[in-house]
Amino acid sequence: MSLKNPDAVAAIVAALRHVYGDEVARLMLVEGMSLANLIDAMFSSPLTHREAIRAITDGLDDFVISPDLGRMWHLRYIYADEPGSLHVVDMEIATPSGTLVSKDVWLRLSS
Numbered sequence: 004m005s006l007k008n009p010d011a012v013a014a015i016v017a018a019l020r021h022v023y024g025d026e027v028a029r030l031m032l033v034e035g036m037s038l039a040n041l042i043d044a045m046f047s048s049p050l051t052h053r054e055a056i057r058a059i060t061d062g063l064d065d066f067v068i069s070p071d072l073g074r075m076w077h078l079r080y081i082y083a084d085e086p087g088s089l090h091v092v093d094m095e096i097a098t099p100s101g102t103l104v105s106k107d108v109w110l111r112l113s114s
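Each residue of the sequence shown is one higher than the one before, counting from 4 in the numbering used here.
#1: Report the three-state DSSP secondary structure of V16 (helix, strand or coil).
#2: Would you tell me roughly how many angstroms separate the C-alpha atoms of L6 and V12, rounded to the nearest one?
#3: According to DSSP, is V67 helix, strand or coil?
#4: Report back the beta-carbon spacing between L19 and L38 to the nearest angstrom; my notes put them in contact at under 8 Å.
#5: For R79 versus E95, is the C-beta spacing smaller than 7 Å?
#6: Please state whether the Cβ-Cβ distance between M36 and I59 is less than 7 Å.
#7: Please report the distance separating the alpha-carbon of D71 from that of D64.
#8: Just the Cα atoms here: how many angstroms apart are I3 and V108?
#9: How is M31 classed by DSSP in three states: helix, strand or coil?
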């Protein structure tokens, strides 16, 4: 398997292993997890907040995303409530047919 963003995927795998352990991390990568679960794991890992967000956004190309988003979609960042904040707290995916919140987006590592 050739990854498009191996460094991002490595950061995601390391974060999942750190938070959940080897077996659960492997199961999450193979069977899938919600984007919300991935975000929580990344924020709980030793990565900085910025590194966690970058790894998620860069690594998405290496995951199968369900439901099928089609060709046109956009990742939106949800920021903290403070005025002018650039602190990402969640993500959602906008498509021509509507917006999916992170708990409704399922990811599994491409095989």
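Backbone N, C-alpha and C define an ideal beta-carbon position, used for all residues, glycine too. Computed from a predicted model, the values in this text were never measured in an experiment.
So, from the listed chains and residues:
#1: helix
#2: 8 Å
#3: strand
#4: Actually they do not touch by this definition, with Cβ atoms about 13 Å apart.
#5: yes
#6: no
#7: 13 Å
#8: Any answer about residue 3 is impossible in this case: the structure gives the chain only from 4 up to 114.
#9: helix
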